[in-house]
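Residue numbers (full-length UniProt numbering): 1 to 157. So the structure is just underneath, and the comments pick up after that.
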(Lines of atoms letter the chains of each structure in order from A and count residues from 1; the text may use other names and numbers.)
(Lines give C-alpha, C1' and ligand atoms only; values in the text may rest on other atoms or scores of the structure.)
Protein backbone atom coordinates (compact mmCIF):
# COMPACT_ATOMS: atom_id res chain seq x y z
CA UNK A 1 0.00 0.00 0.00
CA UNK A 2 1.71 3.17 -1.17
CA UNK A 3 0.71 6.52 0.19
CA UNK A 4 2.39 9.63 1.50
CA UNK A 5 -0.34 9.80 4.18
CA UNK A 6 0.02 7.29 6.97
CA UNK A 7 -2.42 5.86 9.46
CA UNK A 8 -3.68 2.59 10.83
CA UNK A 9 -3.99 -0.62 8.91
CA UNK A 10 -5.01 -4.13 9.75
CA UNK A 11 -3.84 -7.31 8.16
CA UNK A 12 -6.61 -9.83 7.64
CA UNK A 13 -5.97 -13.58 7.77
CA UNK A 14 -4.12 -14.67 4.65
CA UNK A 15 -2.19 -11.41 4.48
CA UNK A 16 -4.83 -9.16 2.91
CA UNK A 17 -4.34 -5.63 4.14
CA UNK A 18 -7.04 -3.14 4.95
CA UNK A 19 -6.14 0.35 6.09
CA UNK A 20 -7.62 2.93 8.39
CA UNK A 21 -6.57 6.53 7.87
CA UNK A 22 -6.45 8.89 10.78
CA UNK A 23 -5.86 12.59 10.33
CA UNK A 24 -2.89 14.06 12.11
CA UNK A 25 -3.41 16.76 14.69
CA UNK A 26 -2.97 20.26 13.29
CA UNK A 27 0.71 21.16 13.04
CA UNK A 28 1.90 17.55 13.23
CA UNK A 29 2.88 15.35 10.32
CA UNK A 30 2.68 11.59 10.33
CA UNK A 31 5.98 9.71 10.51
CA UNK A 32 4.86 6.26 9.47
CA UNK A 33 2.18 3.63 9.29
CA UNK A 34 1.06 1.13 11.92
CA UNK A 35 -0.24 -2.28 10.90
CA UNK A 36 -2.37 -4.34 13.27
CA UNK A 37 -2.82 -8.03 12.41
CA UNK A 38 -6.26 -9.59 12.74
CA UNK A 39 -4.70 -12.12 15.14
CA UNK A 40 -3.92 -9.24 17.51
CA UNK A 41 -7.59 -8.21 17.49
CA UNK A 42 -8.49 -11.87 18.10
CA UNK A 43 -6.19 -12.03 21.13
CA UNK A 44 -7.57 -8.78 22.55
CA UNK A 45 -11.12 -10.12 22.14
CA UNK A 46 -10.22 -13.48 23.72
CA UNK A 47 -8.48 -11.97 26.74
CA UNK A 48 -11.21 -9.42 27.44
CA UNK A 49 -13.89 -12.10 27.08
CA UNK A 50 -12.12 -14.36 29.59
CA UNK A 51 -11.99 -11.44 32.06
CA UNK A 52 -15.78 -11.30 32.39
CA UNK A 53 -17.09 -13.06 35.48
CA UNK A 54 -19.26 -16.00 34.44
CA UNK A 55 -17.30 -16.93 31.31
CA UNK A 56 -15.76 -20.36 31.85
CA UNK A 57 -13.96 -20.67 28.51
CA UNK A 58 -13.75 -19.27 25.00
CA UNK A 59 -14.37 -21.74 22.19
CA UNK A 60 -16.83 -24.51 21.49
CA UNK A 61 -16.78 -28.00 22.93
CA UNK A 62 -14.98 -29.55 19.94
CA UNK A 63 -12.37 -26.77 19.83
CA UNK A 64 -11.68 -27.21 23.55
CA UNK A 65 -11.43 -31.01 23.13
CA UNK A 66 -8.95 -30.70 20.25
CA UNK A 67 -7.05 -28.05 22.19
CA UNK A 68 -6.63 -30.35 25.19
CA UNK A 69 -5.40 -33.12 22.88
CA UNK A 70 -2.91 -30.74 21.21
CA UNK A 71 -1.59 -29.71 24.63
CA UNK A 72 -0.66 -33.35 25.35
CA UNK A 73 1.26 -33.82 22.09
CA UNK A 74 4.95 -32.86 22.49
CA UNK A 75 5.87 -29.95 20.22
CA UNK A 76 2.29 -29.06 19.32
CA UNK A 77 0.75 -25.73 20.22
CA UNK A 78 -2.88 -24.97 20.86
CA UNK A 79 -4.54 -22.08 19.08
CA UNK A 80 -5.07 -19.14 21.42
CA UNK A 81 -7.62 -17.69 19.02
CA UNK A 82 -10.02 -20.63 18.66
CA UNK A 83 -13.55 -19.52 19.36
CA UNK A 84 -12.80 -15.98 18.13
CA UNK A 85 -13.29 -14.92 14.52
CA UNK A 86 -12.43 -11.38 13.45
CA UNK A 87 -13.34 -9.69 10.21
CA UNK A 88 -11.42 -6.42 9.89
CA UNK A 89 -12.01 -3.81 7.23
CA UNK A 90 -10.52 -0.39 6.58
CA UNK A 91 -12.05 1.28 9.61
CA UNK A 92 -14.28 -1.34 11.20
CA UNK A 93 -14.16 -4.78 12.73
CA UNK A 94 -16.77 -7.45 13.39
CA UNK A 95 -16.14 -10.15 15.97
CA UNK A 96 -17.75 -13.55 16.49
CA UNK A 97 -17.23 -15.31 19.84
CA UNK A 98 -18.06 -18.82 21.03
CA UNK A 99 -18.15 -19.15 24.80
CA UNK A 100 -18.84 -21.63 27.57
CA UNK A 101 -20.52 -20.09 30.61
CA UNK A 102 -20.59 -21.00 34.28
CA UNK A 103 -23.80 -22.64 35.49
CA UNK A 104 -26.12 -20.08 37.04
CA UNK A 105 -24.94 -17.11 34.99
CA UNK A 106 -27.64 -14.84 33.56
CA UNK A 107 -26.88 -15.41 29.89
CA UNK A 108 -28.26 -12.17 28.46
CA UNK A 109 -26.51 -10.05 31.10
CA UNK A 110 -23.30 -12.00 30.60
CA UNK A 111 -23.45 -11.60 26.81
CA UNK A 112 -23.97 -7.84 27.20
CA UNK A 113 -21.02 -7.59 29.61
CA UNK A 114 -18.78 -9.55 27.20
CA UNK A 115 -19.91 -7.43 24.25
CA UNK A 116 -19.26 -4.18 26.12
CA UNK A 117 -15.86 -5.34 27.38
CA UNK A 118 -14.70 -6.48 23.93
CA UNK A 119 -15.92 -3.37 22.11
CA UNK A 120 -14.29 -1.03 24.63
CA UNK A 121 -10.94 -2.85 24.61
CA UNK A 122 -10.67 -3.34 20.84
CA UNK A 123 -11.67 0.24 20.03
CA UNK A 124 -9.31 1.65 22.67
CA UNK A 125 -6.33 -0.51 21.71
CA UNK A 126 -6.66 -0.54 17.92
CA UNK A 127 -8.76 2.48 16.99
CA UNK A 128 -11.03 0.27 14.86
CA UNK A 129 -14.77 0.87 15.13
CA UNK A 130 -16.32 -2.41 16.30
CA UNK A 131 -19.65 -2.65 14.47
CA UNK A 132 -20.83 -5.91 16.01
CA UNK A 133 -19.87 -8.61 18.46
CA UNK A 134 -21.86 -11.80 17.93
CA UNK A 135 -21.84 -14.23 20.83
CA UNK A 136 -22.71 -17.93 20.65
CA UNK A 137 -23.13 -19.64 24.01
CA UNK A 138 -22.20 -23.23 23.19
CA UNK A 139 -22.13 -24.91 26.58
CA UNK A 140 -22.71 -24.51 30.30
CA UNK A 141 -19.96 -25.60 32.66
CA UNK A 142 -21.20 -27.49 35.71
CA UNK A 143 -19.01 -27.22 38.84
CA UNK A 144 -18.76 -30.99 39.33
CA UNK A 145 -17.61 -31.71 35.73
CA UNK A 146 -13.94 -31.06 36.60
CA UNK A 147 -14.11 -33.21 39.74
CA UNK A 148 -15.46 -36.15 37.70
CA UNK A 149 -12.78 -35.76 35.02
CA UNK A 150 -9.95 -35.52 37.57
CA UNK A 151 -11.24 -38.48 39.58
CA UNK A 152 -11.12 -40.85 36.58
CA UNK A 153 -8.52 -43.54 37.24
CA UNK A 154 -5.44 -43.58 35.04
CA UNK A 155 -3.92 -46.74 33.64
CA UNK A 156 -0.32 -45.73 34.31
CA UNK A 157 1.57 -43.59 36.80
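The beta carbon of each residue, even a glycine, is placed where N, CA and C say it ideally should be.
#1: Return helix, strand or coil for residue 131, following the three-state DSSP convention.
#2: With a threshold of 16 other CB atoms inside 10 Å of the CB of residue 82, please say whether the residue is buried or exposed.
#3: What's the C-alpha gap between residue 57 and residue 38?
#4: According to DSSP, is residue 42 part of a helix, a strand, or is it coil?
#5: Tell me, to the nearest whole angstrom, how far the beta carbon of residue 86 is from that of residue 55; I am working on the premise that it is less than 8 angstroms.
#6: Leaving out five residues on either side along the sequence, give the residues of the same chain with a beta carbon under 7 angstroms from the beta carbon of residue 94.
#7: For residue 190 and residue 96, which I take to be in contact (beta-carbon distance under 8 angstroms), what is that distance rounded to the nearest angstrom?
#8: Can you tell me which residues form a DSSP beta bridge with residue 102?
#9: Looking at residue 114: is its Cβ nearer than 8 angstroms to the Cβ of residue 41?
#10: Between which two residues does the beta strand (DSSP E) carrying residue 52 extend?
#11: Straight-line CA distance for residue 99 to residue 43?
#12: Out of curiosity, what's the CA-to-CA distance linking residue 156 and residue 119?
#13: Under a Cβ-count criterion, where at least 16 other Cβ atoms within 10 Å of its own Cβ denotes burial, should residue 142 be classed as buried or exposed?
#14: For residue 87, which residues does DSSP report across the bridge?
Taking the structure as given:
#1: Strand at residue 131.
#2: buried
#3: 21 angstroms
#4: helix
#5: About 18 angstroms separates the two Cβ atoms, so there is no contact after all.
#6: Same-chain partners within the cutoff: 87, 131 and 132.
#7: One cannot answer for residue 190 here, as it falls past the ends of the chain, which runs 1 to 157.
#8: The partner list for residue 102 (beta bridge, DSSP) reads 141.
#9: no
#10: That residue, residue 52, is in no beta strand (DSSP E); it is neither H nor E in DSSP.
#11: 14 angstroms
#12: Their backbone Cα atoms lie some 47 angstroms apart in a straight line.
#13: Sixteen is the threshold: since fewer than 16 other Cβ atoms of the shown chains lie within 10 Å of the Cβ of residue 142, the residue is exposed.
#14: According to DSSP, residue 87 bridges with 94.
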